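Inspection log for the structure reproduced underneath, given as C-alpha cells.
Residue numbers (our numbering): 4 to 277.
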C-alpha cells in the first residue's frame with residue numbers, strides 16, 4: 004500500500020507541475036525588441052511636431068513642453084535604474100553640451116532628460132540621477148511624467164522602448180528639436196562624438212537656411228561656416244583661414260585690375276597718334 008500511495012503522490016505533484024503548454028497552450032515569449040523597426044521609426048519621426056505635454060520638474064512643479072519653444076531643445080529619454088547605457092548617453096550629451104556652450108553661446112539652447120519608466124522615475128529619482136551624474140546646468144531640466152504623456156512624446160520622437168528582463172531595451176537616441184517644436188535630427192550611440200550633436204545645433208542656432216537680410220543674419224552666416232571643430236583640442240574655434248583666402252583673392256584681383264587699367268592708360272596715347 005505504501006508504494007501505491009507514493010506513486011499516487013508523485014502523480015499528483017507531476018500534474019501540478021505540468022506547464023500550460025502540456026494541455027495544448029504553448030507559452031508566449033515576450034516580443035523581441037526589433038531594432039531595425041525601431042531605427043526606421045526613429046528616422047521617420049524627423050519633421051514631426053511635438054505635442055505640448057505636461058511634465059514635473061525635480062521640485063515637482065508642472066512644466067509644459069511648449070515652455071522650451073523659442074530655442075533648440077535636446078531631448079534625452081532615459082530611465083534612472085539603467086545601470087550602464089543611460090548614464091553613458093547622459094555623459095555624452097553633457098560633454099557635447101559643454102562644447103556647444105562654448106561654440107554657440109550659453110543660453111542658446113536647452114536640454115531635458117525625461118524618465119520613461121514612469122512608475123519609478125519620480126521627481127526625486129530624477130533629482131538623484133542628476134546629482135549622481137554631476138549635472139546642475141541652468142539650461143538642463145530632469146523631468147518626470149505619467150505613462151500617457153511619455154508614450155505620446157515617444158511616438159512624436161520615434162523613440163521605441165520595451166520592458167526586458169534587464170530593465171528596458173531601447174534605442175540609444177538623442178533627439179534635437181528646433182525652436183518651433185519640430186524634430187530636426189537624431190543622434191545615435193552611447194558614446195557619440197560631440198560634433199554629431201553640435202553640428203546640427205549650429206544649423207539651428209546660426210541658421211544655415213537663414214537669409215542674409217540683416218547684419219545679424221550676415222554675422223550668423225559667417226559664424227556658421229567659420230566655427231569649426233578641432234579634433235586635437237576637442238573644441239570648436241573660429242577659423243580665420245576663410246578671411247585670409249578672401250583677402251589674398253581680393254589682393255590678386257586688385258593687382259590684376261591695376262595692371263590692366265595701367266596698360267590701358269598707357270595705350271591711349273598710342274591710339275590717338277595712330
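No residue lacks a Cβ here, since even glycine has one placed at the ideal position from N, Cα and C.
In this text the structure is predicted, and so the values were computed from the model without any measurement.
In the DSSP output, which residue or residues are listed as bridge partners for residue i?
{"i": "residue 164", "result": "173"}
{"i": "residue 185", "result": "52"}
{"i": "residue 178", "result": "78 and 189"}
Would you identify the three-state DSSP class for residue i, choosing helix, strand or coil?
{"i": "residue 146", "result": "strand"}
{"i": "residue 210", "result": "helix"}
{"i": "residue 152", "result": "helix"}
{"i": "residue 204", "result": "helix"}
{"i": "residue 125", "result": "coil"}
{"i": "residue 116", "result": "strand"}
{"i": "residue 131", "result": "helix"}
{"i": "residue 199", "result": "helix"}
{"i": "residue 107", "result": "helix"}
{"i": "residue 141", "result": "coil"}
Have a look at residue i and residue j and give me their C-alpha separation to the nearest angstrom.
{"i": "residue 58", "j": "residue 149", "result": "8 Å"}
{"i": "residue 80", "j": "residue 105", "result": "25 Å"}
{"i": "residue 154", "j": "residue 117", "result": "12 Å"}
{"i": "residue 226", "j": "residue 206", "result": "Legend: pLDDT at residue 226 = 42, less than 50; position of this residue unreliable, no value from coordinates given."}
{"i": "residue 103", "j": "residue 112", "result": "9 Å"}
{"i": "residue 94", "j": "residue 110", "result": "19 Å"}
{"i": "residue 36", "j": "residue 78", "result": "22 Å"}
{"i": "residue 48", "j": "residue 56", "result": "17 Å"}
{"i": "residue 50", "j": "residue 159", "result": "9 Å"}
{"i": "residue 63", "j": "residue 41", "result": "31 Å"}
{"i": "residue 167", "j": "residue 61", "result": "27 Å"}
{"i": "residue 181", "j": "residue 75", "result": "5 Å"}
{"i": "residue 84", "j": "residue 70", "result": "27 Å"}
{"i": "residue 239", "j": "residue 196", "result": "The pLDDT assigned to residue 239 is 48, lower than 50, so where the model puts this residue is not dependable, and the model offers no usable value."}
{"i": "residue 219", "j": "residue 208", "result": "Unreliable positioning characterises residue 219 in this predicted model, as indicated by a pLDDT of 44, which lies under 50. A coordinate reading is not provided."}
{"i": "residue 132", "j": "residue 146", "result": "11 Å"}
{"i": "residue 39", "j": "residue 90", "result": "23 Å"}
{"i": "residue 200", "j": "residue 96", "result": "8 Å"}
{"i": "residue 152", "j": "residue 124", "result": "13 Å"}
{"i": "residue 121", "j": "residue 210", "result": "36 Å"}
{"i": "residue 190", "j": "residue 115", "result": "15 Å"}
{"i": "residue 101", "j": "residue 172", "result": "28 Å"}
Write down the C-beta distance between residue i and residue j rounded to the nearest angstrom, noting that I regard them as a contact closer than 8 Å.
{"i": "residue 203", "j": "residue 179", "result": "5 Å"}
{"i": "residue 3", "j": "residue 164", "result": "This structure cannot settle anything about residue 3, because the visible part of the chain is limited to 4 through 277."}
{"i": "residue 52", "j": "residue 184", "result": "6 Å"}
Does any C-beta atom of chain C lie closer than 8 Å to the C-beta of residue i?
{"i": "residue 188", "result": "No chain C is part of this structure, which consists of one protein chain only."}
Quiz item: Taking the runs of the beta strand (DSSP E) that are 3 residues or longer, which of them lie wholly in the stretch 36-102?
Solution: 57-59, 65-67 and 76-81
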